[in-house]
Every structure is written in structure tokens, then in C-alpha cells.
Amino acid sequence: MSLKKAALIIVDMQYDFLETGPLPVFEATQAIPRVQELGAFFNEEGGLVIATQDWHPPNHASFASQHEGKAPLDTVTLTYRNQSCEQVLWPDHCIQGSRGADILDQLVDLPSINVKKGTNIFVDSYSAFADNQYHHFTDLAKHLYQHDIEQVVVCGYATDYCLKFTAVDAIKFGFETIVIKDTTKAAFPDAYEPSLKALEQVGVQLVPTVEDYMSN
Ligand code: VGL
Ligand code: ZN
């Protein structure tokens, strides 16, 4: 079997999203061995492995700390280049160069390509392809096209935010898109199943386990 035309996109598997971090993803650590296994399979079979990193400046507009009188999970309207959008506010997380922004040690040797997102202080970036207002694109689509990728498998954190927006954009960019259920975890556990259902409705293929994916 060859995974020549497949890419694994490991989304935001960074210390600040672990259960003990400032922006905890529910049961986050349970996904780590699954992704290790999947990443090893991609490396053995010649697939491309890409890891994304949420990579915010310390004064990022998505941080509640930057808005007087606001707390995490409050919302504000952010205006960037005459376009406004609702922004959920988060605790400070994944600050550029901090330990919390590092990719988990268990996964750090898997990827050959790294994509950073959320670097513009004025706008958040849930998708690894583009910011939330689609003003700027990362190099992710370019890397996938340059490697003749046809299928992407998206895993990581969080099912209800960055994984979901990345998988939706992967569909928009024309990739066959797969999410393996045991390789992703949600920030809000009640949003896990509805997020996966929403992905299925836009054409994402759901696979229950890494073993199911590897045996197909
Ligand atoms: C994420 C909220 C804020 C994520 C990142 O990786 O899902 N969620 N920043
Ligand atoms: Zn973030």
C-alpha cells in the first residue's frame, strides 16, 4: 500500500491544549497514542505529514486579556479591514515561542512540514488554511498541491474549532477529506458529535478508529 497522494494534517497538538493547560481540550491526552500510530504509518508508507501550530502574539485579539471587562468565553465583534466578525474570547494560549505553544514531544519528529496560524493580532485563525475572515492564507494549500496530494486525513485539536474549520476548508480546496474519530478531541465535549456530524454533511468521511483507516 502507498500513501503517496495522502497527507496527514496534525492540527494544534500543543501543550496549552492538554487537560492541564489554559485552554484544555477534553480527554486530549487520549488522542496522542492514536496520532503517534497514524503518523508512524504515514511515514512508513510514504505519506506527507504536516503539523500545524496555533502561534499567537502575546497581544492577540482572541485573548480575553486584551479586552477590558471581558472574560474567557465572552464574545466581541472584531473589525479587520472593514469586515466584522464575532469572536469568542479565550484565555491566553499558544504564545509564540512559549513552551505551551510547542508541539507535543511525542509527535514532534513525525512531520516534515510545519504550518503556523493565528499570527495576525487582529484576526483569529481556526482553519489551518486561512484566517477567520479569509484575508490571508497560510502555505498549507500550496504544500498540498505541490506534493500532488489528493487525500487528507485531519486529526488533532479541537474537534469543535480548529479541526472542524480545517476539515471544512480541505473540502473547499477539493481534497478527499477524512477524519478518524479516535484521533480528535473537543474543547467542549458536548460539541464533539455535532461537530463530526456537521463535517459529514459537507462531505468529510468519518472513520471510527486508526485501525479501520490502516486496514482499508
Ligand atoms: C483553538 C480556540 C482557540 C483550536 C485554537 O486549536 O481548536 N481553539 N485557538
Ligand atoms: Zn488560538
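Numbering (the UniProt record's numbering), first residue to last: 1 to 216.
The C-beta atom is built at its ideal place from N, Cα and C for all residues, glycine as well.
Identify the continuous beta strand (DSSP E) that holds I113 and give its terminal residues. Here the beta strand (DSSP E) through I113 covers I113 to K117.
Within 10 Å of its beta-carbon, does L206 have 16 or more other beta-carbons around it, so buried, or fewer, so exposed? Counting the other Cβ atoms within 10 Å of the Cβ of L206 gives fewer than 16, which makes it exposed.
Cβ shell of A130 (< 8 Å), same chain only, five flanking positions each side left out: Here the set comprises H136, F137, T138 and D169.
With DSSP as the reference, identify every bridge partner of I10, one or two as the case may be. Bridge partners of I10: A51 and C155.
When we look at the beta-carbon of P208 and count the other beta-carbons within 10 Å, is it buried (16 or more) or exposed? The residue in question, P208, is exposed, as its Cβ has fewer than 16 Cβ neighbours within 10 Å.
CB contact check: H147 to chain D, cutoff 8 Å: This model lacks chain D altogether; it includes just one protein chain.
Listed by chain order, which residues have C-beta atoms less than 7 Å from any heavy atom of the ligand VGL? Counting only residues whose CB is nearer than 7 Å to a non-hydrogen atom of the ligand VGL, the list in chain order is V11, D12, F17, L23, D54, S62, W90, H93, C94, G118, D124, Y126, Y157, A158, Y161, C162, L163 and A187.
State yes or no: is the C-beta of H67 nearer than 7 Å to some heavy atom of the ligand ZN? Flag unset: Cβ of H67 not near the ligand ZN.
How about H143: is its Cβ closer than 7 Å to a heavy atom in the ligand ZN? H143: no, Cβ never under 7 Å from the ligand ZN.
Inter-stretch contact at 8 Å, needing at least 3 Cβ pairs: the segment 42 to 50 / the segment 85 to 101: Touching, no.
So Q30 and G100 are supposed to be a Cβ contact under 8 Å. How far apart are they, rounded? Q30 to G100, Cβ: 20 Å. No contact.
DSSP on C94, reduced to helix/strand/coil? In the structure shown, C94 sits in coil (DSSP, three-state: anything other than H, G, I, E or B).
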